[in-house]
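In this note's numbering, the protein residues as written are 2 to 253. Just so you know, even glycine gets a beta-carbon here, dropped at the ideal spot from N, CA and C. Since the structure comes first, as structure tokens, the remarks are kept for the end.
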Amino acid sequence: MRQINKNMIISVGVIVISIISSGIIFLSCSDSYLENTLSKEIIACNNEELLTMNEFKIEKMAIEQKFSSEQTNYIAIRFLGIQENQYYLNLTEKDAIKLGISEADFARMQKEIIAVNLLINEWIDDKIDFKLSNPDSIITNDMNISHNIIRLKSGVEPNERIKSFSINNMYFSTSSFFAPSDANSVSITCLGGGLLTGYNVYVSSCGNKNSSNGVGALGTWSTSINLPCSNTNATVGGRTTNSNGGTCRYSW
């Protein structure tokens, strides 16, 4: 019988899955105390089962309930890793199904990771600067932000200095605005709605262009780009690796 960490007191119980409004999935056990729910350790409700990601094992965690694609992203993020600028999902299809991830969603995640890794390789080959999200840095606040941004729609926001537009994976979509004399940069936040999404965005004015490239875990990515010049019309453009497209909000 495997010995349980003394800092983790677990009694035999039934796994209860509760999905709170932010979209975060917590695993808990009845009559149990689970410390550090959002850590890398996933705990099963049996003294013989301590499931640790670092050991790359899932011994027995059968879940009958099936989740939506968005919900499965929050499960899989715990198994997303990065090494030498390449992402990987430390999860087999068999174990993913045990966690409630469908075969279709598992295949989707693999395709997203492949598309992102290919884009990263292009950036490296072309010596283009880029920023990558570290899956280990995803915390509760980041998840809340990504859950809220998914409701963005293209168009003008109530604040006249905030706009949003839709993007796709085929070509750059654009949105125009007037950059007043006090505008120095443009803050951009994009959401692709997937487990992992790559983005190319730029800001142009006065015939010059500044760009930013990166990858967002849980589909969310933010950046800030300096305006080439102000007191003139400017354009924001964006593209994503997500085949379903996405939405970018920007302010200046």
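{"query": "Supposed contact pair residue 70 and residue 106 - C-beta distance, whole angstroms, cut 8 Å", "result": "5 Å"}
{"query": "Whole-number beta carbon distance between residue 224 and residue 193, since they are thought to touch under 8 Å", "result": "Contact flag wrong, Cβ pair sits at about 14 Å."}
{"query": "Rounded C-alpha distance that separates residue 67 from residue 205", "result": "44 Å"}
{"query": "Contacts around residue 135, its chain only, beta-carbon distance under 6 Å, and the 5 residues preceding and following it disregarded", "result": "none"}
{"query": "Contact set for residue 201: own chain, Cβ-Cβ below 6 Å, skip 5 residues either direction", "result": "214, 240"}
{"query": "Alpha-carbon spacing of residue 75 relative to residue 81, whole angstroms", "result": "10 Å"}
{"query": "Residue 125 to residue 133 span [Cα, whole Å]", "result": "12 Å"}
{"query": "8 Å Cβ cutoff met for residue 251 and residue 188", "result": "yes"}
{"query": "Given residue 237 as reference, the closest of 91, 79, 180 once Cα atoms are compared", "result": "180"}
{"query": "Length of the line joining the Cα atoms of residue 96 and residue 73", "result": "13 Å"}
{"query": "Reference residue 122; option with closest CA among 104, 86, 112", "result": "86"}
{"query": "Environment of residue 144 [buried if 16+ CB atoms lie within 10 Å]", "result": "Because residue 144 sits at a pLDDT of 43, beneath the cut-off of 50, its placement in the model cannot be relied upon, and the point is left open."}
{"query": "CB of residue 198 within 8 Å of CB of residue 243, strictly", "result": "yes"}
{"query": "Burial state of residue 129, where buried means 16 or more other Cβ atoms lie within 10 Å", "result": "exposed"}
{"query": "Spatial distance of residue 230 from residue 249 (CA atoms)", "result": "22 Å"}
{"query": "Neighbour-count burial assignment, residue 93, 16 or more Cβ in a 10 Å radius", "result": "exposed"}
{"query": "Whether residue 78 touches residue 196 by CB criterion (8 Å)", "result": "yes"}
{"query": "Residues bridged to residue 187 (per DSSP)", "result": "226"}
{"query": "Residues that DSSP places opposite residue 180 in a beta bridge", "result": "233"}
{"query": "Residue 220 beta carbon less than 8 Å from that of residue 168", "result": "no"}
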